[in-house]
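Taken in order, these protein sequences are the chains called A and B. Heads up: the first sequence is residues 1 to 121, going by the UniProt record's numbering. Heads up: the second sequence is residues 1 to 153, going by the UniProt record's numbering.
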Amino acid sequence: MTIEDYAKLFFDYAINFGLILLGIAFFLTTVRIILGPTLPDRVLALDMLTSVSIGFIALIGIDTGFTLYVDIAIALGLVGFLATVAFSRFILARGQSGDTDQVQDLPFRDPHARSDRRKGA
Amino acid sequence: MTAIFYIIEGVLILGGSLFIALAAVGIIRLPDLYTRMHSASKAGAVGSGFLLLALAFNSSSTPETLRALAAIVFFLLTTPIAAHLLGKASYAVGYKLWPGSVLDEMPEVEPSAGKEVAAGRPQEEFFRGKADEPAWRRDRRGARQRWSDLGKK
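Right, dumping it as structure tokens:
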């Protein structure tokens, strides 16, 4: 085997490993969307989800030579950005209603104890 | 010569997908919204940027390379703005920091929905303290609870 064969082999393994890692990242981000205690967590995970899918599009374009989807990746990034902006405006307008259990899995007790003051939004 | 291209693309693919996977682990493991935002927006943008850069190396025709580079520039422009807006909105509404957070430099404001949020105190007073405030009180005002003190109670 020449050195080019070794490089090609490394490239193929890198593509497969990258696809596996992106699948794991997609799954973990979906878990945060389902279980995230507050609305901004879910919005953040949605933003992350669009960037993971852009990575997927790029990696599939490398793997199969199907680079038509790069345009779709640009449009997806635009849509994700606009969705995050609109959701943050919505969070600013909505206040903090309905997110009572946001400190449920924190290891420390809240030293400032402002929970009753913050509720009146 | 193609061996060098294969190796560069492989390293870029590995780096980008590792960045994205670490961002996802951080989005699961970190304790509150702001630290999760630190993980997700930075590492997600860098990861997909690396993958698009590998695509730009890989594609043989010039327009596809330029399209991938334009996508990278677009993400580097939009991702910090989105993260800043989301963090500012959720701080202004009153989502709390993790209790182990060391520093909170924003002024204390009452949570308000959709009003002028930071209009309560002028900036200079927030940074320097009031003009007639004695020095010992200014020092005490700056001291926040530390992370290492939290476990002792």
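For each residue, glycine too, the CB sits at the ideal point set by N, CA and C.
Specify the secondary structure class of residue i as computed by DSSP and reduced to three states.
| i | result |
| --- | --- |
| residue 1(B) | coil |
| residue 102(B) | coil |
| residue 95(B) | coil |
| residue 32(B) | coil |
| residue 79(B) | helix |
| residue 37(A) | coil |
| residue 48(A) | helix |
| residue 60(B) | coil |
| residue 52(B) | helix |
| residue 16(B) | helix |
| residue 1(A) | coil |
| residue 61(A) | helix |
| residue 27(A) | helix |
| residue 18(A) | helix |
| residue 95(A) | coil |
| residue 68(A) | coil |
Looking at C-alpha atoms only, which residue of the options is the closest neighbour of residue i?
| i | options | result |
| --- | --- | --- |
| residue 43(A) | 16(A), 87(A), 82(A) and 7(A) | 87(A) |
| residue 101(B) | 3(B), 30(B), 62(B) and 26(B) | 30(B) |
| residue 50(A) | 29(A), 40(A) and 1(A) | 29(A) |
| residue 41(B) | 17(A), 65(A) and 48(A) | 48(A) |
| residue 64(A) | 97(B), 55(B), 106(B) and 26(B) | 55(B) |
| residue 17(A) | 60(A), 93(A) and 4(A) | 60(A) |
| residue 33(B) | 10(A), 83(A) and 40(A) | 40(A) |
| residue 47(B) | 19(B), 28(B), 25(B) and 58(B) | 19(B) |
| residue 103(B) | 28(B), 5(B) and 35(B) | 35(B) |
Does the beta carbon of residue i come closer than 7 Å to any beta carbon on chain B?
| i | result |
| --- | --- |
| residue 10(A) | yes |
| residue 67(A) | yes |
| residue 37(A) | no |
| residue 129(A) | What the structure shows of chain A is the stretch from 1 to 121, and residue 129(A) is not part of that stretch, so it cannot be assessed. |
| residue 64(A) | no |
| residue 14(A) | yes |
| residue 70(A) | yes |
| residue 52(A) | yes |
| residue 75(A) | no |
| residue 48(A) | yes |
| residue 85(A) | yes |
| residue 22(A) | yes |
| residue 91(A) | yes |
Do residue j and residue i come within 7 Å of each other at the CB atom, strictly closer than that value?
| i | j | result |
| --- | --- | --- |
| residue 45(B) | residue 23(B) | no |
| residue 82(B) | residue 7(A) | no |
| residue 58(A) | residue 97(B) | no |
| residue 92(A) | residue 89(B) | yes |
| residue 71(B) | residue 74(A) | yes |
| residue 16(B) | residue 50(B) | yes |
| residue 122(A) | residue 86(B) | The shown model of chain A, from 1 to 121, leaves out residue 122(A), and the question about it has no answer. |
| residue 27(A) | residue 6(B) | no |
Let me see if you follow: with CB-CB separation under 7 Å, is residue i close to chain A or not?
| i | result |
| --- | --- |
| residue 75(B) | yes |
| residue 40(B) | yes |
| residue 15(B) | no |
| residue 91(B) | no |
| residue 165(B) | Residue 165(B) lies beyond the stretch modelled for chain B, which goes from 1 to 153, so this question has no answer here. |
Is residue i close to the ligand PLP? I mean its beta-carbon at under 6 Å from any heavy atom of the ligand.
| i | result |
| --- | --- |
| residue 79(A) | Inclusion of the ligand PLP in the displayed structure is not the case, the ligand content being empty and no account of it being possible. |
Any 3 or more C-beta pairs closer than 8 Å across the stretch 75–89 of chain B and the stretch 16–29 of chain A: no
With a threshold of 8 Å, are at least 3 pairs of Cβ atoms found where one atom belongs to the stretch 70–85 of chain A and the other to the stretch 54–67 of chain B? yes
Any 3 or more C-beta pairs closer than 8 Å across the stretch 32–42 of chain A and the stretch 1–14 of chain B: no
The stretch 47–65 of chain A contacting the stretch 88–100 of chain B, beta-carbon criterion three pairs below 8 Å: no
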